[in-house]
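Numbering (the numbering used here), first residue to last: 1 to 182. Beta carbons are placed, not taken as given, at the ideal position from N, Cα and C, and that holds for glycine.
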């Protein structure tokens, strides 16, 4: 591995360690290789090769949404929005007994994920199940006031009486601390 790539990987490992995503793995039965993939912005994406683990894992057949159905569901609405979860799958904790199965090797140590990692066979189904469980489908959906804005078909206006509560929310990067932000 080229030295400049190794330094970028080290930065990414430190970033994930500091975020609480990683733990040190001691004597794991499963070990995967880390594969650096260059990104357009000059950074390096740290990919883990879980092919062997994925072959041994049973398939979770939880239904994933079909894009054509999602688009059809917006048909009668003037507005719709998309939400992107910060670090997506990393918001879901791994069971302690499964963490060491996500072990990967770097030049600085052997680590495992404490959270769901990209590249695992069933993360899509697990994430979708969590979203369906946490955000039940209702016809009412989000109200136009939900983000302190009122939307009309041709305009968007701020509701002054609600904006102070939105501004005072402390930013958070951990799911466990979300209730304390309010």
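{"Check": "Let me know the secondary structure DSSP gives residue 113 once reduced to three states.", "Outcome": "strand"}
{"Check": "Following the continuous beta strand (DSSP E) through residue 38, name the residue where it begins and the one where it ends.", "Outcome": "32-38"}
{"Check": "Report yes if the C-beta distance between residue 103 and residue 25 is below 9 Å; otherwise report no.", "Outcome": "yes"}
{"Check": "Taking residue 1 as the reference, which of 28, 19 and 33 has the closest Cα?", "Outcome": "33"}
{"Check": "Counting C-beta neighbours from all protein chains within 10 Å, is the total for residue 94 16 or more, i.e. buried, or is it exposed?", "Outcome": "buried"}
{"Check": "Three or more C-beta pairs under 8 Å: does that hold for the region 7-16 against the region 69-79?", "Outcome": "no"}
{"Check": "Indicate whether residue 44 and residue 12 have their beta-carbon atoms separated by less than 9 Å.", "Outcome": "yes"}
{"Check": "Can you find the residues in the same chain that come closer than 6 Å, C-beta to C-beta, to residue 122, ignoring five residues on each side of it along the sequence?", "Outcome": "60"}
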